[in-house]
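**Q** The structure's right below; bear with me while I get my questions together.
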Amino acid sequence: MPAASGSAVSICWPTTDAISGTMPGKSCFRPTSAISRATSNSSPGPIIDKAGTLFNPPHWRGRATVAWNREAVTVAAAFNYTGGVRDIRSNPAVNIRGVSTVDLTIRFAPTRIAQALRGVEFSARLLNAFNAKPQQIATTAFSDSAYDSTNYSPAGRVIGLGIVKTW
Numbered sequence: 001m002p003a004a005s006g007s008a009v010s011i012c013w014p015t016t017d018a019i020s021g022t023m024p025g026k027s028c029f030r031p032t033s034a035i036s037r038a039t040s041n042s043s044p045g046p047i048i049d050k051a052g053t054l055f056n057p058p059h060w061r062g063r064a065t066v067a068w069n070r071e072a073v074t075v076a077a078a079f080n081y082t083g084g085v086r087d088i089r090s091n092p093a094v095n096i097r098g099v100s101t102v103d104l105t106i107r108f109a110p111t112r113i114a115q116a117l118r119g120v121e122f123s124a125r126l127l128n129a130f131n132a133k134p135q136q137i138a139t140t141a142f143s144d145s146a147y148d149s150t151n152y153s154p155a156g157r158v159i160g161l162g163i164v165k166t167w
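The sequence shown begins at 1 in the UniProt record's numbering and counts up by one.
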């Protein structure tokens, strides 16, 4: 039966403008983590620990976000880590390294703007900023994925632009 435990914390503090001494914004640090445990039981048979093996949850994954906000602008950076797994399909088993990525986001939600643009938010995101790639795994057919598609994304760097209107 799959099981996971985790934690999340949010620490925020006001930021001070170095020149005027006023407190125009807010900064936050938000670390999160998850520890996985997955087992399989085929009756009658032994219970097999599957967490940390290929195509099953890694033992550990985490995300730490730092954000700064001032009036209509929010800037955030996130560090993501997905732990490594073991490919137990061969003997000896092969260790597949974990993947670390960095995501960057900037949002602009103006409040002092013409009536027609009230409720409009603009955003730009850069996911996997350093283009981290998952480690390739052994495959037996040309149609098989050359990476652990359950845990790692092969998409590489992704740039996103967005406009949202709320009424």
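Idealized CB from N, CA, C, for every residue including glycine.
Predicted, not measured: the structure shown is a model, and the values here were computed from it.
#1: Is the distance from the Cβ of Phe108 to the Cβ of Ile163 below 7 Å?
#2: Could you please give the first and the last residue of the uninterrupted beta strand (DSSP E) stretch that includes residue 193?
#3: Identify whether Ala67 lies in helix, strand or coil by the three-state DSSP scheme.
#4: With DSSP as the reference, identify every bridge partner of Asp87, one or two as the case may be.
#5: Rounded to whole angstroms, what's the CA-CA distance from Gly156 to Ile11? Just pull it up for me.
#6: Taking 7 Å as the limit between beta carbons, can you name the residues of its chain near Gly25, skipping five residues before and five after?
#7: Going by C-alpha to C-alpha distance, which of Ser33, Asn128, Gly119 sits closest to His59?
#8: Would you check if the stretch 97-115 and the stretch 132-148 touch, i.e. whether three or more CB-CB distances between them fall below 8 Å?
#9: Which parts of the stretch 101-127 are runs of the beta strand (DSSP E), unbroken and 3 residues or longer, counting only runs that do not cross its ends?
#10: For Ile88 and Gly6, I'd like the C-alpha separation in whole angstroms.
**A** Reading off the structure:
#1: In this structure, Ile163 does not lie closer than 7 Å to Phe108 by Cβ.
#2: Coverage of the chain is limited to positions 1 through 167, which leaves residue 193 absent and any answer about it impossible.
#3: strand
#4: The partner list for Asp87 (beta bridge, DSSP) reads Val94.
#5: A straight-line Cα-Cα distance of about 30 Å links Gly156 and Ile11.
#6: Thr15, Trp68, Asn69, Arg70
#7: Ser33
#8: yes
#9: 120-127
#10: 26 Å
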